[in-house]
Amino acid sequence: EITVTQSPGSQSPGAVRAALGASVTITCKTSQDVHVYSSYHLLAWYQQKDGETPKLLIYAANNRESGIPDRFTGSGSGSDFTLIISGVQAEDSAVYYCKSLHSINSKGVFTQ
1 EITVTQSPGS QSPGAVRAAL GASVTITCKT SQDVHVYSSY HLLAWYQQKD
51 GETPKLLIYA ANNRESGIPD RFTGSGSGSD FTLIISGVQA EDSAVYYCKS
101 LHSINSKGVF TQ
């Protein structure tokens, strides 16, 4: 069984709101290394606002999805990954999740 842990735990909207203008760092650790495909680490970050479906921010650990502001930065490899939100804005108030793939055919493991 693969587990995924995040710190702070599923970053709360209140914590992001309180950090307006500052930087927020969210870490994600998996119990096994994520799958690597053509040098891409298959770890993604999602943002979910109240009443909305999760929105993809970062894919393959450090690649921003089209249209995502550059204040969102992903990094990491192996089993340790980080999402940094620099200069947090009011619209960044949300819950943030990481999702990992541990084999090319897996459906992925969301943060618990």
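Going letter by letter, the sequence shown gives residues 1 to 112 in full-length UniProt numbering.
We treat Cβ as the ideally placed atom computed from N, Cα and C, and that holds for glycine.
Keep in mind it's a predicted model, so treat the numbers as computed, not measured.
Shown here for residue 71: same chain residues with a beta carbon closer than 7 Å to its own, the five before and five after excluded, namely 85, 86, 87 in chain order.
Distance from the CA of residue 39 to the CA of residue 55, rounded to the nearest whole angstrom, comes to 24 Å.
Between residue 6 and residue 98, the CB-CB gap stays under 8 Å. Comparing alpha carbon positions, the residue from 82, 20, 76 closest to residue 41 is 76. When secondary structure is reduced to three states using DSSP, residue 50 falls in the coil class, being assigned neither helix nor strand. Secondary structure remark: continuous beta strand (DSSP E) runs of at least 3 residues inside the stretch 34 to 84, in chain order: 43 to 48, 55 to 59, 72 to 77.
Minimum Cα-Cα distance from residue 68 among the listed residues 80, 81, 51, 91 corresponds to 91. Exclusion of the five residues before and after residue 21 leaves 87, 88 as the residues of its chain whose Cβ lies within less than 7 Å of its Cβ. With fewer than 16 other Cβ atoms from the protein chains shown falling within 10 Å of its own Cβ, residue 66 counts as exposed.
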